[in-house]
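Residue numbers (the UniProt record's numbering): 1 to 130. Note that beta-carbon positions come from the ideal geometry of N, C-alpha and C, so glycine has one too. Data block below; observations after.
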């Protein structure tokens with residue numbers, strides 16, 4: 001058994017089918033077909049579809065086509081905002097970074113996306129401090 005097969009075998013042994021499908025979808029920002037998700041997660045297509053349906057009900061993913069699924073943008077923003085708050089606990093530092101991004105004349109796509117995440121982090125922090 002090669003290294004990749006060993007790692008996959010351990011992943012399958014140490015996680016539930018639901019967790020594997022969720023992990024695959026956590027990194028799926030473009031629509032993916034059910035068959036691809038199932039194969040990557042090492043879960044049957046019928047069980048994968050059950051898990052995807054549950055994740056859609058939870059707002060974690062979106063069913064975008066007959067058999068394609070993708071990560072829900074709002075869940076991405078929420079996850080990224082929480083990651084920011086885990087790393088930056090000083091509101092003033094976060095505000096300063098937001099202002100720096102807002103002051104850019106022509107921010108690139110990455111900066112615009114990061115600004116969305118940073119603003120969401122500020123909003124989340126404000127909600128948590130109420």
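Tell me, please, which residues DSSP counts as bridged to residue 68.
33 and 65
Contact set for residue 8: own chain, Cβ-Cβ below 8 Å, skip 5 residues either direction:
42
CB contact flag (residue 67, residue 31, <7 Å)
Going by beta carbons, residue 67 and residue 31 fall outside the 7 Å limit.
How big is the Cα-Cα spacing for residue 118 and residue 79?
11 Å
List in chain order: all unbroken beta strand (DSSP E) runs of 3+ residues lying wholly within the segment 76–105.
Taken in chain order, the whole beta strand (DSSP E) runs of length 3 or more contained in the segment 76–105 number zero.
Quick check: the segment 77–94 against the segment 109–128, are at least 3 beta-carbon pairs closer than 8 Å?
yes
As a quick exercise: from 2, 99, 71 and 18, pick the residue whose alpha carbon is nearest that of residue 44.
Ranked by Cα distance from residue 44, the options 2, 99, 71 and 18 are led by 18.
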